[in-house]
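Worksheet for the structure shown next.
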């Protein structure tokens, strides 16, 4: 059932581990995740893994620990009291990094005694046997980006909706999914009402249908935005005309997100969206209902941001004021200005001042959103 998109079952893990350990890239991966162990020792350990739980705890947990040790100065989380071990949830998260938003959350869950989630993974990224084996052994399930026709879009959305409901209700497994298709590039995290509609497609009703999925908003805050320079350049290019991804661009973003220093990173598990929260919207037309629920998710995510000095500095710089000067010091501002100056290298290709305004917007937007939703 759902063989075209589902993760591996435990009985498929031994063969997947064999393929991973025999792949030509294995020595490189092994040396990154386990730098103090000989490759052959790591190969023997991976070859002996027979369950998804073992793979996640023996390999993926340590891979995330290496990312934290090498590129994150402080990894924190709160709101764990909003999770009940007896329930399965749709962890509905803001999306800043292709891999890390979901991957780091898994470590936070394991460190607090909770089960990991299944994870959506775009079909455009799940390419090559090695990536497929690692992804599907790590509870990742394939999400197709539907073609142009309405029929194809509807069919793909219904299939995804049915699989998520099957996973939550029947498999009793939680699911991680981003609040929108693709990462937020400009720092403005907003839930796509189409995601809410997709959840509802596999069941009748409005609030009752969604309450069965236990929507649990997740707010992730990075001190240094993953791929901020790449995002700035993309937003600049989109202002000038149609934007076409270059070959290998997604892989470059994945590697940059993993390796780039991110400073402090914080996850907050928000209160679930309950049926009682949604009941007042039941009499609204379907589109309006979806919008209201999406706004509820945004309210919780944006209100739960951990705001860093960079957010306040960028906000003040964009407005030419010092309204938030109490939230940062000269050292923090000097460090931010030094980072901003990295855009100077593009002066022969772009308007650097415009680039800098775009990057300032990326960092200022979370503060704008937090202020907006605190007033609602």
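Numbering (this note's numbering), first residue to last: -13 to 362.
Virtual Cβ for every residue (Gly too), placed ideally from N, Cα, C.
Values in this document were obtained by computation on a predicted structure and should not be read as measured data.
Going by beta carbon distance, what residues of the same chain come within less than 6 Å of residue i, once the five residues before and after it are set aside?
| i | result |
| --- | --- |
| residue 177 | 165, 280, 283 and 284 |
| residue 58 | 248 and 251 |
| residue 122 | -7 and -6 |
| residue 186 | 195 |
| residue 202 | 75, 77 and 258 |
| residue 7 | 29, 32 and 33 |
| residue 182 | 276, 279 and 280 |
| residue 286 | 203 and 256 |
If you follow the beta strand (DSSP E) that residue i is in, where does it begin and where does it stop?
| i | result |
| --- | --- |
| residue 108 | 104 to 108 |
| residue 203 | 201 to 208 |
| residue 176 | Where residue 176 is concerned, there is no enclosing beta strand (DSSP E), given that its DSSP letter is neither H nor E. |
| residue 161 | 161 to 164 |
| residue 322 | Residue 322 -> not in any beta strand (DSSP E); alpha helix (DSSP H) instead, spanning 316 to 326. |
| residue 78 | 76 to 79 |
| residue 45 | Premise fails: residue 45 is in no beta strand (DSSP E) and is neither H nor E. |
| residue 331 | First-last for residue 331: undefined, no H or E at that position. |
Who are the Cβ neighbours of residue i in its own chain at under 7 Å, not counting the five residues just before and after it?
| i | result |
| --- | --- |
| residue 345 | 214, 218, 326 and 329 |
| residue 263 | 282 |
| residue 66 | 98 and 255 |
| residue 355 | 174, 175 and 288 |
| residue 130 | 109 and 142 |
| residue 172 | 221, 347, 348 and 351 |
| residue 28 | 16 and 20 |
| residue 336 | 222 |
| residue 265 | 193 |
Can you check DSSP and say which residues form a bridge with residue i?
| i | result |
| --- | --- |
| residue 64 | 254 |
| residue 249 | 58 |
Using only the alpha-carbon positions, how far apart do residue i and residue j sit?
| i | j | result |
| --- | --- | --- |
| residue 74 | residue 15 | 32 Å |
| residue 306 | residue 208 | 24 Å |
| residue 148 | residue 192 | 16 Å |
| residue 269 | residue 144 | 23 Å |
| residue 53 | residue 63 | 16 Å |
| residue 48 | residue 258 | 29 Å |
| residue 90 | residue 105 | 12 Å |
| residue 24 | residue 43 | 19 Å |
| residue 342 | residue 297 | 14 Å |
| residue 261 | residue 160 | 18 Å |
| residue 38 | residue -12 | 18 Å |
| residue 236 | residue 26 | 31 Å |
| residue 338 | residue 332 | 7 Å |
| residue 22 | residue 50 | 16 Å |
| residue 4 | residue 11 | 13 Å |
| residue 137 | residue 352 | 36 Å |
| residue 357 | residue 273 | 26 Å |
| residue 314 | residue 348 | 18 Å |
| residue 94 | residue 334 | 43 Å |
| residue 33 | residue 115 | 16 Å |
| residue 323 | residue 317 | 10 Å |
| residue 291 | residue 170 | 15 Å |
| residue 359 | residue 45 | 39 Å |
| residue 100 | residue 69 | 8 Å |
| residue 0 | residue 36 | 5 Å |
| residue 9 | residue 18 | 15 Å |
| residue 72 | residue 13 | 39 Å |
What is the residue span of the alpha helix (DSSP H) that residue i lies within?
| i | result |
| --- | --- |
| residue 142 | 136 to 151 |
| residue 97 | 86 to 97 |
| residue 100 | Looking at the DSSP string, residue 100 is not in any alpha helix (DSSP H), and its letter there is neither H nor E. |
| residue 11 | Note, residue 11: premise wrong, no alpha helix (DSSP H); not H, not E. |
| residue 129 | Premise fails: residue 129 lies in the beta strand (DSSP E), 126 to 129, not in any alpha helix (DSSP H). |
| residue 122 | 115 to 123 |
| residue 352 | 338 to 360 |
| residue 284 | 272 to 289 |
| residue 198 | Looking at the DSSP string, residue 198 is not in any alpha helix (DSSP H), and its letter there is neither H nor E. |
| residue 299 | 295 to 305 |
| residue 220 | 214 to 226 |
| residue 32 | 25 to 33 |
| residue 263 | 261 to 264 |
Ordered along the chain, which non-local residues of its own chain (more than five positions away) have a Cβ less than 8 Å from that of residue i?
| i | result |
| --- | --- |
| residue 198 | 151, 154, 155 and 189 |
| residue 85 | 240, 243 and 244 |
| residue 2 | -6, 119, 122 and 123 |
| residue -9 | 127, 128, 129, 130, 145, 146 and 149 |
Do residue i and the ligand MG come close, with the Cβ less than 7 Å from some heavy atom?
| i | result |
| --- | --- |
| residue 153 | Ligands displayed in this structure: none; no statement on the ligand MG is therefore possible. |
Since I believe residue j is in contact with residue i (beta carbons under 8 Å), could you give me their beta-carbon distance rounded to a whole number of angstroms?
| i | j | result |
| --- | --- | --- |
| residue 210 | residue 79 | Not a contact, Cβ separation roughly 19 Å. |
| residue 179 | residue 321 | 38 Å between Cβ atoms; not a contact. |
| residue 222 | residue 340 | 7 Å |
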